[in-house]
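Taking numbering that gives the first Met the number 0 as reference, the numbering of the sequence shown is continuous, increasing by one, and the terminal residue is 337. Glycine included, every Cβ here is placed at the ideal spot set by N, Cα and C.
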Amino acid sequence: MDFTTGGRLEVRITPDDVGKRVSVRLLTEDREPGATFTDVVGVLTSWTEGALSITRRTGEPVRIAESSLVAGKVVPAAPARRRGPAASAPELDRVAARAWPPVTSEPLGEWTLRASGGFTRRANSVLPLGDPGMGLDAALRRVTEWYAARGLPAYIQVSTGAEGTQELLAAELESRGWLREVSSRMEIAALAPIGDLDADTSAVTLSGRLDDAWLTRYQRSSGEPSPEARTVLSGGPSVWFATIAAEGGGAPAAIGRCVVDGRWAGFTAVEVAPERRRQGLAKAVMTALARKALDEGASAAYLQVETDNGGAHALYEGMGFTVHHGYHHWRASGEDPR
């Protein structure tokens with residue numbers, strides 16, 4: 000990456016560039032041979048008192064002493080289109096929210112407060128797409144009060160790593176003591192190749208109705224599923240549930256869920272019984288759901304996977320999914336997670 004003008008390293012960023020995507024080069028502390036410099040790329044989220052903070056696309060903040068900075072420049076925003084459908088991060092976040100609708104919601108300016116009795120962080124967190132209509136400290140007080148009134152910890156879902164994401168909000172939350180907990184990836188793919196996969200879908204049953212048999216395989220519904228869980232799972236523009244029955248009865252061998260919303264097909268809750276894994280069941284479920292979504296006019300696919308779920312990443316990468324951006328759930332400090 001070129002940081003030079005006329006062969007000289009130059010720092011071409013200032014505190015006025017906070018909020019922009021930058022690339023910097025700095026001296027390493029250890030100064031080992033061959034490792035004199037290191038590069039950091041991300042959004043410049045602060046520059047005060049002789050130190051910079053840059054948030055990488057993964058959401059990881061990096062603190063840099065101004066004295067170690069040897070070069071830096073503003074770089075173009077991460078492209079909205081990679082391998083896969085063209086989409087912005089806010090568009091995807093809104094589509095995904097419609098596919099996992101909360102039981103209760105309330106606007107706070109352009110933010111959306113969501114609650115569902117504690118069933119998943121996604122359905123019990125703020126979606127902060129835009130301006131809350133008041134100062135940040137006042138907005139955060141309103142958020143914590145709103146969730147406390149419902150007996151829930153306050154969470155805010157913050158996206159990073161693409162144009163239009165919220166690195167600055169992440170930095171502000173961190174500075175106020177909020178804690179980043181679970182991180183996930185938003186992945187996208189063209190839908191038709193998934194429907195064209197060589198998978199045996201003959202054992203897959205599709206239904207537009209959530210039933211008790213499907214829920215017995217769903218890992219988040221241990222015991223009797225709550226009414227809130229049923230409401231969230233059943234909600235969305237056009238919802239389809241896939242099931243592969245177990246031989247001899249009992250909990251299904253595999254399940255999946257897909258929500259069709261215009262051009263988008265969102266895949267969630269793809270699960271396989273431990274003893275039936277690596278037998279192609281997940282691929283069969285995905286393929287059957289993709290074909291149904293294609294029939295309904297969808298052309299693009301997305302899914303959300305926690306960053307530490309290596310097995311799922313490998314499966315979906317093999318189907319053509321690539322990372323679009325990341326998102327993270329920040330919890331108000333001092334509140335107990337449920």
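Can the beta-carbon of residue i be found less than 8 Å from the beta-carbon of residue j?
{"i": "ALA98", "j": "ASP294", "result": "no"}
{"i": "ALA253", "j": "ALA272", "result": "yes"}
{"i": "TRP263", "j": "ALA311", "result": "no"}
{"i": "PRO100", "j": "GLY249", "result": "no"}
{"i": "LEU302", "j": "GLU186", "result": "yes"}
{"i": "PRO75", "j": "GLY163", "result": "no"}
{"i": "GLY166", "j": "THR44", "result": "Note that residue 166 is Glu in the sequence shown, not Gly. Against a cut-off of 8 Å, the Cβ pair of THR44 and GLU166 comes out as a contact."}
{"i": "ARG219", "j": "PHE240", "result": "no"}
{"i": "VAL10", "j": "GLY71", "result": "yes"}
How many angstroms separate the CA atom of residue i from the CA atom of residue j?
{"i": "SER225", "j": "LEU151", "result": "16 Å"}
{"i": "ARG339", "j": "ALA189", "result": "Look at the range of the chain in this structure, 0 to 337, and you will see that residue 339 is not part of it."}
{"i": "PHE118", "j": "VAL322", "result": "25 Å"}
{"i": "PRO14", "j": "TRP46", "result": "5 Å"}
{"i": "ILE155", "j": "HIS328", "result": "6 Å"}
{"i": "VAL73", "j": "ARG55", "result": "14 Å"}
{"i": "SER201", "j": "ASP195", "result": "14 Å"}
{"i": "ASN308", "j": "SER182", "result": "11 Å"}
{"i": "VAL17", "j": "VAL69", "result": "18 Å"}
{"i": "PHE320", "j": "ILE12", "result": "35 Å"}
{"i": "GLY58", "j": "GLY247", "result": "46 Å"}
{"i": "LEU107", "j": "ALA153", "result": "14 Å"}
{"i": "GLU171", "j": "ARG149", "result": "25 Å"}
{"i": "TYR146", "j": "ALA50", "result": "35 Å"}
{"i": "ARG277", "j": "VAL269", "result": "13 Å"}
{"i": "ALA137", "j": "ASP130", "result": "12 Å"}
{"i": "PRO60", "j": "SER22", "result": "14 Å"}
{"i": "PRO192", "j": "ARG275", "result": "24 Å"}
{"i": "ALA283", "j": "VAL40", "result": "39 Å"}
{"i": "ALA79", "j": "ALA86", "result": "Residue placement at ALA79 is poorly supported in this model, since its pLDDT is 48, which falls under 50; the coordinates still yield a value, given next. Going from the Cα of ALA79 to the Cα of ALA86 covers about 6 Å."}
{"i": "ARG62", "j": "VAL42", "result": "12 Å"}
{"i": "ASP211", "j": "ILE243", "result": "14 Å"}
{"i": "ALA289", "j": "GLY265", "result": "9 Å"}
{"i": "ARG30", "j": "LEU8", "result": "Interpretation of ARG30 is limited by its pLDDT of 49, a score under 50 that renders its predicted location unreliable; no figure is taken from the coordinates."}
{"i": "GLU223", "j": "THR27", "result": "54 Å"}
{"i": "MET133", "j": "THR267", "result": "34 Å"}
{"i": "GLU109", "j": "PRO84", "result": "26 Å"}
{"i": "GLU48", "j": "ALA313", "result": "43 Å"}
{"i": "LEU178", "j": "LEU135", "result": "16 Å"}
Quick one, which of the options has its alpha-carbon nearest residue i's?
{"i": "GLU305", "options": "LYS19, SER206, TYR315", "result": "TYR315"}
{"i": "VAL102", "options": "GLU109, ASP92, ARG113", "result": "ARG113"}
{"i": "SER66", "options": "ILE193, LEU25, GLY176", "result": "LEU25"}
{"i": "ALA95", "options": "VAL42, HIS324, PRO251", "result": "HIS324"}
{"i": "ALA245", "options": "GLY116, TRP213, GLY134, THR35", "result": "TRP213"}
{"i": "ALA161", "options": "ARG330, GLY279, ARG20, TRP145", "result": "ARG20"}
{"i": "ALA287", "options": "VAL258, VAL39, ARG277", "result": "VAL258"}
{"i": "PRO236", "options": "ARG62, ALA297, ILE243", "result": "ALA297"}
{"i": "GLY279", "options": "GLN303, VAL23, ASP197, ARG93", "result": "ASP197"}
{"i": "SER104", "options": "ASP92, SER124, SER87", "result": "SER124"}
{"i": "PRO251", "options": "TRP239, TYR217, ARG184", "result": "TYR217"}
{"i": "LEU128", "options": "VAL142, THR242, LYS291, THR111", "result": "THR111"}
{"i": "MET318", "options": "LEU205, MET285, ARG219, LYS291", "result": "MET285"}
{"i": "ASP92", "options": "GLY71, SER115, ALA64, ARG121", "result": "ARG121"}
{"i": "ALA281", "options": "VAL203, ASP211, LYS291", "result": "VAL203"}
{"i": "LEU205", "options": "LEU8, PRO84, LYS291", "result": "LYS291"}
Would you grab the beta carbon distance between residue i and residue j for me? Rounded to a whole angstrom, and I think it's under 8 Å.
{"i": "GLY176", "j": "SER52", "result": "Their Cβ separation, rounded to whole angstroms, is 15 Å, which puts GLY176 and SER52 out of contact at 8 Å."}
{"i": "GLU180", "j": "ARG330", "result": "6 Å"}
{"i": "LEU139", "j": "VAL157", "result": "With a Cβ gap of about 13 Å, LEU139 and VAL157 do not count as contacting."}
{"i": "SER115", "j": "VAL231", "result": "5 Å"}
Return yes when the C-beta of residue i is under 7 Å from any heavy atom of the ligand MG, and no when it is not.
{"i": "VAL142", "result": "Absence of the ligand MG is noted for the structure shown, with no ligands found whatsoever."}
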